[in-house]
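Top to bottom, those sequences are chains S and Z.
Residue 1219 in the working numbering sits at position 121 of the first sequence, and the numbers go up by one each step.
Residue 281 in the working numbering sits at position 290 of the second sequence, and the numbers go up by one each step.
Ideal Cβ placement from N, Cα and C applies to all residues, glycine included.
Following: one structure in structure tokens, then a few remarks.
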Amino acid sequence: MAKLYEYQGKSILKKEKILTPHGILIRKPEEARYIRSEFPQGAVLKAQILSTGRGKEGGIRIALNPDEAYQIAKGLFGRVIKGNRVEEVLLEERLDIASEYFISITLSDEKKGPVLLFSLEGGVDIEELAEKETWKMKGIEIDYFNGPNEKEIEKALFEWRVTPAFVHKWLHLSKKLYHIFRTYEMTTLEINPLILTQKGDLIAGDCKATIDDYALFRHPELDMIDIPRDFGHPPTFLERVAWEVEKEDYRGTFYFTQLAEVEEGHGYVGFHGGGGGGTMACLDQLTQNGLKPACYCDTSGNPPASKIYRAIKIILSIPNIEGYLWIGDGVASQDLTHGARGLVKALREMRPRIPIIIRLVGNNDQKAREIVLKGIEDLGLRLKYYTEDKTTEFCIRRMKEMICPS
Amino acid sequence: MSILINRGTTVLVQGITGREGGERARLMKEYETRVVAGITPGKGGESVYGIPVYNTIREAMGSVGPIQVSVLFVPAPMVKRALIEAIEAGIDLVIVPTDRMPIHDVLEVLALARRKGTRIIGPNTLGVISPEECLVGMIGGSRESARRFFRKGPVGVMSRSGGMTTTISYLLTQKGIGQSTVVSIGGDSIVGSPFSDLLPLFEEDEETKCVALFGEIGTTQEERVADLMINRKFTKPLVAFIAGVSAKEGVRFSHSGAIVSGRGGTAKVKKEKLAEAGAIVIEQVTEFPDAISKILEKA
């Protein structure tokens, strides 16, 4: 999925005529001094990161004058909050807050459709609220074609004894949010807090939006999205290279993410699997047996040799890895000879000195083995190749022995 | 018996003149699946491996008679339209191997399918096989490998991973344990037939004595299986493996459904819930044959 930064999400809300605070994005601490002209009443400085919970870590601060704003900004830029380095800060006007609410549209795999969630208590940890004080959270199933049902929303709001004018505004907002959710093919759209000002306006205090990466091809207007993948951290150099490979080549799947900062001498291995579930199950087995995976890499869905070759080169480029392990843990329906050719080309070019273990089982596995063993016989690599003759567990243990000879 | 598909099932291939569609139609036919027609708009009148091609599903039904199942070999940007055609033509079961189908297309199609009572498997499914009777999708590969991996028997198999669907079945087959029906339900975050939709079918099926399930992090699917068991809607023995115990929150592992977000969807919670509900939760995929042998011996 493609997560949007707060300021990106808010730009969509603004375009779709939902009220947002007046704000300016800055990329340097000096720019925080803008608040003199733009925000004479002081401003809120908000670190732009993709993880939640920045408030508790000091990622949201109030500044009353330009000097204070500059000092706060200086502290924010470059700081790492929840694993994300702050490179952008949003300056926003301070609002006269009367109340804070929570509203979101998200997908329910159980209902196989969108649901509207809201609460009259916003600005707090909503997961905690949903867990501990369930009654404070309302959930309404949304009919995909007709949108949120007005009567159900009214009924939920009635319990809270709010004014008719408020109900009207809430209904209007709910429908508008659903319109945005559908138009931009989102999987989540969350406003927390949704702020009611003293003047009686409903303003989006924050915005968390996620776009379906499978639909990006038909949304050129969302070109602000960098890499539509959930890495749990900002993309690394190799993840960027990997994404370029995947973006250009639709044949089969190539999924690559780095799992750790690899330090030398800690026994990290470049891990490569085949097929979504199997690769993850194998990753579990690796960790259970005390091997440290430097990455998760899945090539499946019958990709051509050229794509697998690039994948392997990327894995072997991770600095300080001490082994390369390619385990197609399942019975592959893809033609394994493609992978074999890609492997030979990558190994011939890179000639890695680290131990290598390959275990590929499935369609054409014997032929794949021949291709690899013949293709690299003159290289003198520390490579072991298995098929069904050895279990995954055996391969993992073998890799461990090869890395740290006892 | 079996669930979803059996020897008599009539199958339609949408996108049959494409590279993948044609090849898969041939392999399904070799497995003796009754592939009665193919669809490619504008290519009506042609034939692919002896299978007649029509422009529309209604036209095909007019010619060859009732069709129960359709399988789509149509690229993601076009798959919604093909699915709507299948639903509107009154096909009972539509199997969608297409990968990367936009989720809002999935939502729209599932909303429509619900109104019309159509069952959908996928998207991003490898397919369904009732061994020695009928194969629909890409599962099994060639006829030889399909015969090597699957054999008829008492175990229902369901998996969120395509590769693991085959792997688990093959592990069972090697130990002489056959399968009633094997379903790759698809790895996406929203699928047409999650585990909890299929379990009641396995419950009713007399041939199925127990079920093997491959689950993973993300979604609420495994939790709902536990609920079904607690509510006695599913009462047969169930053996489950859940992938992703080592997964970090917020990192997606290939499948769009395989991501732990916030406090929900961890492998640990899923395993605990299933165990509490009475499922046998195993730690390695290779433990499936032994766990299932024990169940079958007792039965």
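Counterpart residues of residue i in DSSP-defined beta bridges
| i | result |
| --- | --- |
| Lys1101(S) | Thr1308(S) |
| Arg1159(S) | Leu1143(S) |
| Asn1182(S) | Ile1179(S) |
| Tyr1394(S) | Thr1355(S) |
| Gly118(Z) | Gly128(Z) and Ser175(Z) |
| Phe225(Z) | None; Phe225(Z) has no bridge partner. |
| Val85(Z) | Ser61(Z) and Ile111(Z) |
| Ser1202(S) | Leu1215(S) and Glu1288(S) |
| Ala258(Z) | None, per the DSSP bridge assignment. |
| Lys264(Z) | Answer is none; Lys264(Z) lacks a bridge partner. |
| Val44(Z) | Gly29(Z) |
| Lys1482(S) | Ile1455(S) |
| Ser1197(S) | Leu1294(S) |
| Ile210(Z) | The residue you asked about is not Ile; residue 210(Z) is Thr in the sequence shown. DSSP lists no partner for Thr210(Z). |
| Arg202(Z) | Checking the sequence shown, residue 202(Z) turns out to be Val, not Arg. DSSP, once it has assigned bridges, lists Gly147(Z) and Leu229(Z) as partnering Val202(Z). |
| Ala234(Z) | Glu207(Z) |
Neighbour list for residue i in chain Z, Cβ cutoff strictly below 9 Å
| i | result |
| --- | --- |
| Leu1205(S) | Ile94, Leu98, Ser180 and Ile181 |
| Arg1192(S) | Neighbours of Arg1192(S) on chain Z: none; closest Cβ ~29 Å, over 9 Å. |
| Tyr1484(S) | Chain Z residues near Tyr1484(S): none, gap ~15 Å exceeds 9 Å. |
Contact set between residue i and chain Z, taken where Cβ atoms lie within less than 7 Å
| i | result |
| --- | --- |
| Gly1376(S) | Ser152, Gly154, Met155 and Thr158 |
| Lys1210(S) | Leu101 and Ile181 |
| Tyr1242(S) | Leu98, Glu99 and Ala102 |
Cβ neighbour criterion (16 or more within 10 Å) applied to residue i
| i | result |
| --- | --- |
| Gly108(Z) | exposed |
| Ala1358(S) | exposed |
| Gln5(Z) | buried |
| Arg1451(S) | exposed |
| Trp1424(S) | buried |
| Phe1243(S) | exposed |
| Glu214(Z) | buried |
| His1277(S) | exposed |
| Cys1393(S) | buried |
| Thr47(Z) | exposed |
| Leu1214(S) | buried |
| Pro1453(S) | buried |
| Met1322(S) | exposed |
| Gln1464(S) | exposed |
| Cys1059(S) | Because chain S here runs from 1099 to 1504, residue 1059(S) falls outside it and cannot be looked at. |
| Glu1337(S) | buried |
| Asp179(Z) | buried |
| His95(Z) | buried |
| His1364(S) | exposed |
| Trp1268(S) | buried |
| Arg1446(S) | exposed |
| Gln1139(S) | exposed |
Where residue i meets chain S, residues with beta-carbon distance less than 7 Å
| i | result |
| --- | --- |
| Val291(Z) | Within the shown structure, residues of chain Z are numbered from -8 to 290, placing residue 291(Z) beyond reach of any answer. |
| Val276(Z) | Ala1379 |
| Ser136(Z) | Asn1461 |
Cross-chain neighbours of residue i in chain Z, by beta carbon under 8 Å
| i | result |
| --- | --- |
| Thr1334(S) | Here the premise fails: no neighbours, minimum Cβ distance about 13 Å. |
| Thr1285(S) | Ile94 and Ser180 |
| Asp1396(S) | Phe244 and Ser245 |
| Tyr1276(S) | Within chain Z, no residue comes near Tyr1276(S); the closest Cβ sits about 12 Å away, beyond 8 Å. |
| Arg1131(S) | Correct list: empty, because the minimum Cβ distance to chain Z is about 35 Å. |
Contacts of residue i in chain S (Cβ-Cβ under 9 Å)
| i | result |
| --- | --- |
| Arg243(Z) | Met1099, Arg1327, Asp1328, Phe1329, Gly1330, Tyr1353 and Thr1355 |
| Pro191(Z) | Going along chain S, no residue has its Cβ under 9 Å from Pro191(Z), so there is no contact; the nearest lies around 15 Å. |
| Ala249(Z) | Gly1374, Gly1375 and Met1378 |
Proximal residues of chain S, C-beta to C-beta of residue i below 8 Å
| i | result |
| --- | --- |
| Ala67(Z) | Tyr1312 |
| Glu90(Z) | The displayed chain sequence assigns Asp, not Glu, to residue 90(Z). By Cβ distance, chain S contributes Thr1351 and Gly1399. |
Is there contact between the segment 1122 to 1131 of chain S and the segment 1147 to 1157 of chain S, where contact requires at least three CB pairs shorter than 8 Å? Contact fails: fewer than three Cβ-Cβ distances are below 8 Å.
Residue ranges of each beta strand (DSSP E) run of no fewer than 3 residues wholly in the segment 1207 to 1267 of chain S, ordered along the chain? Taken in chain order, the whole beta strand (DSSP E) runs of length 3 or more contained in the segment 1207 to 1267 of chain S are 1211 to 1217 and 1235 to 1239.
In chain order, which continuous runs of the beta strand (DSSP E) of length 3 or greater are located wholly inside the segment 1293 to 1371 of chain S? At a cut-off of 3 residues, the continuous stretches assigned as beta strand (DSSP E) that sit fully inside the segment 1293 to 1371 of chain S are 1300 to 1302, 1306 to 1309, 1351 to 1356 and 1366 to 1371.
Please determine if the segment 27 to 35 of chain Z and the segment 46 to 60 of chain Z are in contact, where contact requires at least 3 C-beta pairs separated by less than 8 Å. The segment 27 to 35 of chain Z vs the segment 46 to 60 of chain Z: in contact.
Three or more C-beta pairs closer than 8 Å, one from the segment 125 to 134 of chain Z and one from the segment 66 to 82 of chain Z: is that the case here? The segment 125 to 134 of chain Z is not in contact with the segment 66 to 82 of chain Z.
Does the count of Cβ pairs from the segment 1109 to 1129 of chain S and the segment 1177 to 1192 of chain S closer than 8 Å reach three? Yes: at least three Cβ pairs fall under 8 Å.
Please list the segments of the beta strand (DSSP E) lying wholly inside the segment 1394 to 1480 of chain S, counting only runs of 3 or more residues, in order along the chain. The DSSP assignment places complete beta strand (DSSP E) segments of no fewer than 3 residues inside the segment 1394 to 1480 of chain S at 1421 to 1430 and 1454 to 1460, in order along the chain.
Segment contact flag, the segment 1329 to 1336 of chain S with the segment 1132 to 1146 of chain S, C-beta cutoff 8 Å, min 3 pairs: Result no; under three Cβ-Cβ pairs closer than 8 Å.
For the segment 1374 to 1390 of chain S against the segment 1463 to 1473 of chain S, do three or more pairs of beta-carbon atoms, one drawn from each stretch, fall closer than 8 Å, so that the two count as touching? Judged by Cβ distances under 8 Å, the segment 1374 to 1390 of chain S makes no contact with the segment 1463 to 1473 of chain S, as fewer than three pairs qualify.
Jot down the residue ranges of each uninterrupted beta strand (DSSP E) in the segment 138 to 193 of chain Z, minimum 3 residues, whole runs only, in chain order. If we require 3 residues or more, the beta strand (DSSP E) runs fully inside the segment 138 to 193 of chain Z come out as 143 to 150 and 170 to 175.
Could you check whether the segment 1310 to 1317 of chain S touches the segment 217 to 224 of chain Z, counting it as contact only if at least three pairs of C-beta atoms, one from each stretch, sit closer than 8 Å? The answer is no - the segment 217 to 224 of chain Z does not touch the segment 1310 to 1317 of chain S, with fewer than three Cβ pairs under 8 Å.
If contact is defined by three or more beta carbon pairs under 8 Å, each pair taking one atom from either stretch, is the segment 2 to 19 of chain Z in contact with the segment 1495 to 1503 of chain S? The answer is no - the segment 2 to 19 of chain Z does not touch the segment 1495 to 1503 of chain S, with fewer than three Cβ pairs under 8 Å.
Is the segment 1160 to 1180 of chain S touching the segment 1263 to 1271 of chain S, taking contact as three or more C-beta pairs under 8 Å? No, they do not touch.
Check whether the segment 1338 to 1350 of chain S and the segment 1390 to 1410 of chain S touch, using three or more Cβ-Cβ pairs below 8 Å as the test. Yes, the segment 1338 to 1350 of chain S touches the segment 1390 to 1410 of chain S.
Count Cβ pairs between the segment 1478 to 1489 of chain S and the segment 184 to 201 of chain Z that sit closer than 8 Å; are there 3 or more? The segment 1478 to 1489 of chain S is not in contact with the segment 184 to 201 of chain Z.
The segment 193 to 209 of chain Z contacting the segment 254 to 264 of chain Z, beta-carbon criterion three pairs below 8 Å: Counting Cβ pairs under 8 Å, three or more are found: they touch.
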